[in-house]
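S.K.: Next up is a structure, given as structure tokens.
Numbering (our numbering), first residue to last: 1377 to 1946.
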């Protein structure tokens, strides 16, 4: 430590003259001390006030610059030193050095900046604002043959790409081209993994996603899959997972879109679909019957992602994809892979959205296969199962009738309507229960739901914060009242239906559809003596008469009819 103190004193004296040989000697001494006892040496450097002297030594022309940058990189390995490096004004001169042509200067500068800004989003954002991204991308292109520099750039990209603000800057560079080119050259597993770690966050950006597809990343990933699919080494399994996951990410977008939606973020997916004739789409399709669970999963997720507009869905159903997915699900019924079940059900749910696909999928036996997972205890599977059935029966009266009279299904739905720990499952169960009644309009289905104890859940659903769910519940309850009021009477009373309807009609925030359907339901339950008494006791006539002045003509007209009915039966 005495030698270090001496070297630091000398450095303070000599720092004004970078050409001085003693500066190089002092820096060597510092680097040696940092290599032996980094923490103690760093504290000494800070105590003796050397950090503020270093910016003047970071001259592009100076021979000691790489060593100065190396000292900063070593010091900044310690978290407690990073703020001192920032306060000493080291970031601006280091960024200037990224324009150097000296590869050693570039390497040590990159290390220094990386260590100072490590784990600090605010400092990384500062680097982004100072334009570091285009500079680093340019460096990667110029020095791709230099392994150490390439790794430094990749580590920097990996850290910066986590910040949303970086994606826009990356999108204006040729990062996609550079990374794909670098990826294609790699033979070592570790290097490929490093590139994967940068590609994954970048591929979340729609502009970069398309750039990566156009740069040929998909073909490279398919090659990795082909090379590793039969491999048993850990690195083969890891590469197969990463490559197939990244493939799915390149297809990823929002929810299912109708034919009228602008392509926008779906461009990369459509580019690969190529009207269902694309080689990439065909290759992904071949993964579904594979014996490899990772490929089955990726294949099913890819189909779910391709199935994000009506045109793609119709084409896929017409070309027999449903059968492949059903065979895959059949292989995973007993002790199956939950992620594969979830992915295959997601694909079927999306494919069932276009009206023309529903009857075809029902004829193919989709509902029967989906029902095999009714006993699943996994909420993600339950959620997708419910969504798939709900999509299938939409406008399909016969299927709704068949499923709605299935006691085991209704029993399970009622059970899941109480799954308070899983809001998604609870919501979907309620919606399917309502859909069975609304699309079948069947007295038998209504009776099955009443016997299964589903009425109280539909009444609760009418108080949902989501207007669409409120409306679906009210329409279903209206059908129950119209088709079998006698059987439902006890449940309506027990669930305080009349009180719920009074609140919905009194609430100014209730949408016109909610008010309209609530009044229809009031008229429907008037045929029941106990419910009629409740209606009278809550002075509904006052609430309804106010709605005659409602701006929505349908609501005001229904209010007049309801008021007449209430007056006639008072």
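No residue lacks a Cβ here, since even glycine has one placed at the ideal position from N, Cα and C.
#1: Check whether the Cβ atoms of residue 1344 and residue 1619 sit closer than 7 Å, and answer yes or no.
#2: Go through the region 1779-1851 residue by residue and report every complete run of the beta strand (DSSP E) that reaches 3 residues or more, in order.
#3: With 16 as the cutoff for other CB atoms within 10 Å, does residue 1813 come out buried or exposed?
#4: For residue 1680 and residue 1759, I'd like the C-alpha separation in whole angstroms.
#5: Can you list, in chain order, the residues of its chain with a C-beta nearer than 6 Å to that of residue 1722? Leave out the 5 residues immediately preceding and following it.
#6: At the level of alpha carbons, what is the spacing between residue 1730 and residue 1742?
#7: Within the same chain, show all residues whose beta-carbon is closer than 7 Å to that of residue 1422, passing over the 5 residues directly before and after it, in chain order.
#8: By the 10 Å Cβ neighbour count, where 16 or more other Cβ atoms means buried, how is residue 1411 classified, buried or exposed?
#9: Roughly how far, in whole angstroms, is the beta-carbon of residue 1471 from the beta-carbon of residue 1508, given that I think they are within contact range, below 8 Å?
#10: Could you round the C-beta distance between residue 1824 and residue 1786 to whole angstroms and report it? I think they count as a contact, below 8 Å.
#11: Could you give the first and the last residue of the continuous alpha helix (DSSP H) run that contains residue 1435?
#12: By a C-beta neighbour count over all protein chains shown, 10 Å radius and 16 as the cutoff for buried, is residue 1690 buried or exposed?
#13: With C-beta atoms as the reference, is residue 1452 less than 7 Å away from residue 1483?
#14: Compute the Euclidean distance between the alpha carbons of residue 1922 and residue 1878, then round it to the nearest angstrom.
#15: With respect to the alpha helix (DSSP H) encompassing residue 1892, which residues constitute its N-terminal and C-terminal limits?
#16: Determine, using beta-carbon pairs with one atom in the region 1929-1940 and one in the region 1881-1893, whether at least three such pairs fall under 8 Å.
#17: Going along the chain, which unbroken runs of the alpha helix (DSSP H) with 4 or more residues stay wholly within the region 1466-1498?
#18: Quick check: the Cα distance between residue 1438 and residue 1476, rounded to an integer number of angstroms?
#19: Using a Cβ-Cβ cutoff of less than 8 Å, which residues in the same chain neighbour residue 1756 once the five nearest sequence positions on both sides are dropped?
#20: Return the chain-ordered list of same chain residues with a C-beta closer than 8 Å to the C-beta of residue 1636, the five sequence neighbours on each side being excluded.
#21: Taking the straight line between their C-alpha atoms, what separation do you get for residue 1474 and residue 1599?
#22: Considering only the beta carbon of each residue, do residue 1417 and residue 1449 sit closer than 7 Å?
#23: Below 8 Å on the Cβ atoms is my guess for residue 1883 versus residue 1818; work out the distance and round it to an integer in Å.
#24: Grab me the residues of residue 1573's own chain with a C-beta within less than 6 Å of its C-beta, minus the 5 sequence neighbours each way, in chain order.
#25: Use the C-beta contact count for residue 1895: other C-beta atoms within 10 angstroms, 16 or more gives buried, fewer gives exposed.
#26: Can you tell which of 1462, 1402, 1455 and 1425 has the C-alpha that lies nearest to the C-alpha of residue 1443?
#27: From the DSSP output, in three-state form, read off residue 1350 for me.
#28: For a minimum of 3 consecutive residues, which ranges assigned as the beta strand (DSSP E) are wholly contained in the region 1730-1776?
#29: Can you tell which of 1753, 1808 and 1486 has the C-alpha that lies nearest to the C-alpha of residue 1848?
#30: So, for residue 1830: in the same chain, excluding its five sequence neighbours on each side, which residues have a beta-carbon less than 6 Å away from its beta-carbon?
#31: Taking the alpha carbon of residue 1701 as the reference point, which residue from 1867, 1687, 1725 and 1688 has its own alpha carbon closest?
#32: Starting from the C-beta of residue 1554, find all residues in its chain whose C-beta is less than 8 Å away, skip the five residues before and the five after it, and write them out in chain order.
#33: I'd like to check one pair, residue 1568 with residue 1626: are the Cβ atoms closer than 7 Å?
#34: Alpha carbon to alpha carbon, what distance is there between residue 1624 and residue 1593?
#35: Rounded to the nearest angstrom, what separates residue 1903 and residue 1783 at their Cα positions?
#36: Since residue 1528 is in the alpha helix (DSSP H), which residue starts that stretch and which ends it?
M.R.: Taking the structure as given:
#1: With the chain covering 1377 to 1946 only, the question about residue 1344 has no answer from this structure.
#2: Taking only runs of at least 3 residues, no beta strand (DSSP E) segment lies wholly in the region 1779-1851.
#3: Using a 10 angstroms sphere on the CB of residue 1813, the tally of other CB atoms reaches 16 or more, which defines it as buried.
#4: Spanning the alpha carbons of residue 1680 and residue 1759 requires a straight line of approximately 15 Å.
#5: Cβ neighbours of residue 1722 beyond the five flanking positions: 1680 and 1760.
#6: So the alpha carbons of these two residues sit roughly 15 Å apart.
#7: Excluding positions up to five away in sequence, the list reads 1457 and 1460.
#8: It is exposed - the Cβ of residue 1411 has fewer than 16 other Cβ atoms within 10 Å.
#9: Between residue 1508 and residue 1471 the Cβ distance is about 6 Å, and since that is below 8 Å, they are a contact.
#10: Right, their Cβ atoms sit about 5 Å apart.
#11: Looking at the DSSP string, residue 1435 is not in any alpha helix (DSSP H), and its letter there is neither H nor E.
#12: The residue in question, residue 1690, is buried, as its Cβ has 16 or more Cβ neighbours within 10 Å.
#13: No, the pair does not count as a contact, with Cβ atoms beyond the cut-off.
#14: Approximately 13 Å, taken between the alpha carbons.
#15: Counting along the chain, the alpha helix (DSSP H) containing residue 1892 begins and ends at 1888-1901.
#16: Yes, the region 1929-1940 is in contact with the region 1881-1893.
#17: 1467-1473 and 1479-1492, all fully within the region 1466-1498.
#18: Cα-Cα distance, rounded: 11 Å.
#19: Taken in chain order, the residues that qualify are 1714 and 1718.
#20: Its pLDDT being 33, under 50, residue 1636 is placed unreliably in this model, and the value from its coordinates should be taken loosely. Cβ within range, chain order: n/a, list empty.
#21: Annotation: residue 1474 to residue 1599 spans about 35 Å, alpha carbon to alpha carbon.
#22: No, the pair does not count as a contact, with Cβ atoms beyond the cut-off.
#23: Going by Cβ atoms, the distance from residue 1883 to residue 1818 rounds to 32 Å, so no, they are not a contact pair.
#24: Excluding sequence neighbours, residue 1573 sits near 1534.
#25: Per the 10 Å Cβ criterion, buried.
#26: The shortest C-alpha separation from residue 1443 is found at 1402.
#27: Outside the displayed span of the chain (1377 to 1946) sits residue 1350, for which this structure offers no information.
#28: Runs of the beta strand (DSSP E) inside the region 1730-1776: none found.
#29: For the residues 1753, 1808 and 1486, the minimum Cα distance to residue 1848 belongs to 1808.
#30: Closer than 6 Å at the Cβ level, and outside the excluded window around residue 1830, lie 1790 and 1809.
#31: Closest option to residue 1701, Cα to Cα, is 1725.
#32: Close CB contacts of residue 1554 within its chain, under the 8 Å cut and outside five residues either way in sequence, are with 1513, 1516, 1517 and 1520 (chain order).
#33: Inclusion of residue 1626 and residue 1568 in the CB contact set at 7 Å is not warranted, their separation being larger than that value.
#34: Between the alpha carbons of residue 1593 and residue 1624 lies a gap of roughly 12 Å.
#35: Per the coordinates, the alpha-carbon of residue 1903 lies some 28 Å from the alpha-carbon of residue 1783.
#36: First-last of the alpha helix (DSSP H) with residue 1528: 1523-1536.
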